[in-house]
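Undergrad: The structure is given below, and queries will be raised subsequently.
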Amino acid sequence: MDQNASAQPDGQPDGRQQFSPVEEFEREPVPPHAQLGFGSFLGMYAGEHTAGTELMLGPLFVAHGVSAFDFIVGLLVGNALAVLSWMLFCAPIAVRARLTLYYQLEKICGRKLVTLYNLANGVMFTILAGAMITVSATALGVWFDFKMPGLDDATPTSVGWVLAVVVMGLLFAGCAAYGFKTISKFANIAVPWMVLVFLTFGLITVRRFIDATGAAIASPDDLWTLCRTAIWKGGQPLAGRAKFTFWHVMFFAWFCNMAWHIGLSDLSVFRYARKAWYAVASAAGMYIGHFMAWICASLLFAYQLHLDPGNADVHPGPLAYDAAGLTGLLCVVIAGWTTANPTIYRAGLAFQAILPKHSRFFITLATGICATIAAAAYPKVTMRLLDFVAIWALILMPMGAVIFVDFWLIRKFGLRSNWAQWSGRAFNWAAGLAWLLTLTVCTLLVQFSTVADWLAAKGLLNVSPERMQWLKETFTIEIFFVSLPGWFMTAILYLALSKWYQSTSRPAVEGGQ
31 MDQNASAQPD GQPDGRQQFS PVEEFEREPV PPHAQLGFGS FLGMYAGEHT
81 AGTELMLGPL FVAHGVSAFD FIVGLLVGNA LAVLSWMLFC APIAVRARLT
131 LYYQLEKICG RKLVTLYNLA NGVMFTILAG AMITVSATAL GVWFDFKMPG
181 LDDATPTSVG WVLAVVVMGL LFAGCAAYGF KTISKFANIA VPWMVLVFLT
231 FGLITVRRFI DATGAAIASP DDLWTLCRTA IWKGGQPLAG RAKFTFWHVM
281 FFAWFCNMAW HIGLSDLSVF RYARKAWYAV ASAAGMYIGH FMAWICASLL
331 FAYQLHLDPG NADVHPGPLA YDAAGLTGLL CVVIAGWTTA NPTIYRAGLA
381 FQAILPKHSR FFITLATGIC ATIAAAAYPK VTMRLLDFVA IWALILMPMG
431 AVIFVDFWLI RKFGLRSNWA QWSGRAFNWA AGLAWLLTLT VCTLLVQFST
481 VADWLAAKGL LNVSPERMQW LKETFTIEIF FVSLPGWFMT AILYLALSKW
531 YQSTSRPAVE GGQ
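No gaps in the numbering here: position 388 of the sequence shown is 418 in this note's numbering, and each next residue is one more.
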């Protein structure tokens with residue numbers, strides 16, 4: 031345990047006795063007796079990623095006009111890279127330090143800087159949890175027949191919708207508040223059944239496509255032809271959507287969980303693992319969830335468009351009910367639940383790191399309530415989930431690079447790791463500037479077309495229309511691609527800025543030397 035972080039027998043810092051029905055070791059390494067076996071992670075990852083998100087993300091690939099080859103091969107490659115990221119970047123640090131992401135960052139970045147990060151991280155996780163609550167609420171929408179938000183609706187469309195979100199949200203928040211072990215047990219029970227239901231969605235829908243098109247399927251080549259010509263046709267995307275290629279799919283499959291693996295948020299999860307290789311359990315989530323389940327969910331939406339090209343609403347409840355009846359509706363509820371649970375848990379840890387004197391249990395419960403309010407008030411986040419996840423990865427990714435460099439590399443350059451803890455400073459400017467500069471450059475690249483137009487309107491960029499078009503095409507990078515170079519940029523900046531900062535800053539407390 032960190033010598034600067036005193037704790038009472040109940041695990042609460044600073045001498046306060048707080049009620050908490052479970053011990054989560056928020057500010058100390060996880061002890062051997064609390065470490066978990068491989069099965070706990072297998073169930074959690076399969077449950078979290080074969081879940082409510084898949085029922086939203088799968089259809090959105092169809093909405094972006096992806097082709098069959100780009101979709102299938104892009105998912106195979108991207109998910110493999112995601113699993114390797116958990117295994118090589120996240121788990122090795124987690125099992126050595128056995129600290130939450132938030133406490134690890136506090137030792138590196140200082141209390142004030144990590145508070146900004148924890149706030150951003152907690153808000154992002156809360157919004158994602160709200161999206162999962164929304165997914166489950168669509169099942170109640172079918173059962174009780176109330177109007178649900180459409181693809182472009184920014185506000186609630188009925189009182190029934192709001193009530194359904196509130197019921198689902200309170201249920202999920204209560205489960206998440208009881209901690210990681212409860213989440214893991216719930217996932218292990220729910221996952222095998224959910225996997226079978228998702229597979230059923232896909233098989234039933236393929237059968238319907240065969241009947242609707244009159245295709246004769248006598249070989250794998252015939253099935254592939256059906257996929258290319260009737261399901262993932264690679265045509266024009268729906269209005270307001272970018273055209274997706276192999277690279278979009280691969281980078282999204284890799285980076286949709288960037289905040290978890292390369293961004294190192296799952297230090298908070300794998301600190302419980304007895305061995306680093308347990309991170310291979312993430313493959314259960316990637317290939318059952320982000321491969322099989324995305325494919326099956328996209329089939330549901332593709333068939334809906336096949337029957338009615340004008341019906342572009344992405345409602346998991348109706349889609350699942352049409353394929354599997356009441357079993358499909360129950361799957362939607364459970365799928366949203368298994369994703370919302372660990373997401374609310376992570377958000378609660380982020381906020382509890384800001385308020386360490388308060389009970390994680392009650393903070394997590396309050397976080398779930400906030401997620402419920404967000405889901406009820408602004409359902410459009412769910413309908414733009416691809417864009418939201420990409421923005422999230424971009425915002426949180428730099429701090430993963432900071433931790434990685436600080437843990438593995440910084441001492442090789444003659445610099446101190448855990449600078450804030452050693453020096454007693456509350457704000458590590460090297461980490462803060464690396465984060466800020468990376469986000470600024472990446473945002474400018476993503477928004478370069480808008481920036482160029484603004485500069486031209488102000489008379490600050492006087493070029494020909496042809497030159498302007500070349501500049502936009504050359505320097506504008508889609509958000510799905512910018513996070514990878516951004517990670518390396520942060521790593522280099524943090525090393526360079528640490529060299530300057532540590533050489534010019536003196537410890538703020540006596541004893542740092």
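We put the CB at the ideal spot given by N, CA and C, even for glycine.
Could you tell me how far apart the beta carbons of arginine 271 and alanine 93 are, in whole angstroms, since I believe they sit closer than 8 Å?
TA: On the sequence shown, residue 271 is found 241 positions in, with the first residue counted as 1. On the sequence shown, residue 93 is found 63 positions in, with the first residue counted as 1. Contact flag correct, Cβ pair sits at about 5 Å.
Undergrad: Please state if the CB of valine 113 and the CB of valine 310 are separated by a distance shorter than 8 Å.
TA: By one-based count along the sequence shown, residue 310 stands at place 280. By one-based count along the sequence shown, residue 113 stands at place 83. Cβ distance < 8 Å, so valine 310 and valine 113 count as in contact.
Undergrad: Check the DSSP bridge columns for lysine 263 and list the partner residues they point to.
TA: For this step, residue 263 is matched to residue 233 along the sequence shown. Ser97.
Undergrad: State yes or no: is the C-beta of threonine 156 within less than 8 Å of the C-beta of alanine 423?
TA: Along the sequence shown, one-based indexing puts residue 156 at 126. Along the sequence shown, one-based indexing puts residue 423 at 393. It is not a contact, given that the beta carbons lie outside the stated cut-off.
Undergrad: Quick test of your reading: asparagine 151 and leucine 385, contact by CB under 8 Å. State the CB separation rounded to the nearest angstrom.
TA: Residue mapping note: residue 151 aligns to position 121 of the sequence shown, counting from 1. Residue mapping note: residue 385 aligns to position 355 of the sequence shown, counting from 1. At roughly 14 Å, the Cβ-Cβ gap does not stay under 8 Å, so asparagine 151 and leucine 385 are not in contact.
Undergrad: Buried or exposed, going by whether 16 or more other CB atoms sit within 10 Å of the CB of glutamine 42?
TA: Walking along the sequence shown from the start, residue 42 turns up at place 12. For glutamine 42, the pLDDT reaches just 37, beneath the cut-off of 50, and the residue's location in the model is therefore unreliable, although a value from the coordinates is still provided. Buried, by the Cβ-count rule.
Undergrad: What's the gap between the Cα of proline 122 and the Cα of valine 153?
TA: Working through the sequence shown from its first residue, we reach residue 122 at position 92. Working through the sequence shown from its first residue, we reach residue 153 at position 123. Each residue's Cα considered, the two are about 27 Å apart.
Undergrad: What is the C-beta distance between serine 453 and serine 535, in whole angstroms, given that I count them as a contact (C-beta under 8 Å)?
TA: Position 423 of the sequence shown, counting from 1, holds the residue named residue 453. Position 505 of the sequence shown, counting from 1, holds the residue named residue 535. Right, the Cβ-Cβ distance comes to about 7 Å (below 8 Å), so this counts as a contact.
Undergrad: Would you kindly work out how many angstroms separate the C-alpha atoms of isoleucine 240 and methionine 498, rounded to a whole number?
TA: Numbered from its first residue, the sequence shown carries residue 240 at position 210. Numbered from its first residue, the sequence shown carries residue 498 at position 468. Distance between the alpha carbons of isoleucine 240 and methionine 498: 48 Å.
Undergrad: Out of Trp530, Gly516, Val493, Gln451, point me to the one whose CA is closest to valine 144's CA.
TA: Here the question's residue 144 lines up with position 114 in the sequence shown. Per the Cα distances, Gln451.
Undergrad: Can you tell me which of Ala383, Gly355, Val196 puts its alpha carbon nearest to the alpha carbon of serine 298?
TA: The sequence position of residue 298 within the sequence shown is 268, counting from 1. Answer by Cα proximity: Ala383.
Undergrad: I'd like to confirm something about alanine 203: is its beta-carbon nearer than 7 Å to some heavy atom of the ligand GDP, or not?
TA: As for the ligand GDP, it is missing from this structure, which has no ligand bound.
Undergrad: Let me know the secondary structure DSSP gives alanine 303 once reduced to three states.
TA: Stepping through the sequence shown from its first residue, residue 303 is reached at position 273. Here alanine 303 sits in strand by DSSP.
Undergrad: Report all residues from its chain with a CB closer than 6 Å to the CB of aspartate 296; omit the five preceding and five following residues, and keep chain order.
TA: Taking the sequence shown and counting its residues from 1, the one referred to as residue 296 is at position 266. Taken in chain order, the residues that qualify are Cys120, Trp290.
Undergrad: Could I get the ranges of all uninterrupted alpha helix (DSSP H) runs contained in the segment 296-384, with 4 residues as the minimum, in chain order?
TA: The qualifying runs are 297-300, 324-337, 346-384.
Undergrad: Return the chain-ordered ranges of every alpha helix (DSSP H) run that is complete within the segment 162-186 and spans a minimum of 4 residues.
TA: Those alpha helix (DSSP H) runs which fall completely within the segment 162-186 and span 4+ residues do not exist here.
Undergrad: So, with DSSP's three-state summary, where would you put leucine 129?
TA: Residue 129 sits at position 99 when you count from the first residue of the sequence shown. Residue state, collapsed to three classes: coil.
Undergrad: Select from Ala269, Val279, Ser494, Gly73 the residue whose C-alpha is nearest the C-alpha of serine 97.
TA: Locating residue 97 in the sequence shown gives position 67, counting from the first residue. Selected option, being the one with the closest Cα: Val279.
Undergrad: Could you work out which residue in Met519, Val172, Trp262, Val60 is closest to valine 90 when comparing CA atoms only?
TA: On the sequence shown, residue 90 is found 60 positions in, with the first residue counted as 1. Valine is not the amino acid found at residue 90; the sequence shown has leucine there. Of the listed residues, the one whose Cα sits closest to leucine 90 is Trp262.
Undergrad: Apply the 10 Å Cβ neighbour rule to valine 60 and answer buried if 16 or more other Cβ atoms are within range, or exposed otherwise.
TA: Start at 1 with the first residue of the sequence shown, and residue 60 comes out as number 30. Buried.
Undergrad: Please report the straight-line C-alpha distance between threonine 506 and cysteine 472, rounded to a whole angstrom.
TA: Mapped onto the sequence shown, residue 506 falls at position 476. Mapped onto the sequence shown, residue 472 falls at position 442. Their backbone Cα atoms lie some 10 Å apart in a straight line.
Undergrad: When you compare only the Cα positions, how much space is there between serine 115 and histidine 79?
TA: Counting from one through the sequence shown, the residue named residue 115 turns up at place 85. Counting from one through the sequence shown, the residue named residue 79 turns up at place 49. Cα-Cα distance, rounded: 16 Å.
Undergrad: Contact defined as beta carbons within less than 8 Å: I believe methionine 162 pairs with glycine 366. What is the distance between those atoms, to the nearest angstrom?
TA: If you number the sequence shown from 1, residue 162 lands on position 132. If you number the sequence shown from 1, residue 366 lands on position 336. That belief holds up - the Cβ atoms of methionine 162 and glycine 366 are roughly 5 Å apart, short of 8 Å.
Undergrad: Do the CB positions of threonine 402 and glycine 199 come within less than 8 Å of each other?
TA: On the sequence shown, residue 402 is found 372 positions in, with the first residue counted as 1. On the sequence shown, residue 199 is found 169 positions in, with the first residue counted as 1. It is a contact, given that the beta carbons lie within the stated cut-off.
Undergrad: Per the DSSP calculation, leucine 66 is bridged to which residue(s)?
TA: Position 36 of the sequence shown, counted from the start, is the residue given in the question as residue 66. In the DSSP output, where bridge partners are listed per residue, leucine 66 has Ala303.
Undergrad: What span of residues does the alpha helix (DSSP H) with alanine 431 cover, start to end?
TA: If you number the sequence shown from 1, residue 431 lands on position 401. 415-434 is the extent of the alpha helix (DSSP H) around alanine 431.
Undergrad: Got a sec, what are the start and stop residues for the alpha helix (DSSP H) glutamine 499 sits in?
TA: Residue mapping note: residue 499 aligns to position 469 of the sequence shown, counting from 1. Per DSSP, glutamine 499 belongs to the alpha helix (DSSP H) from 495-505.
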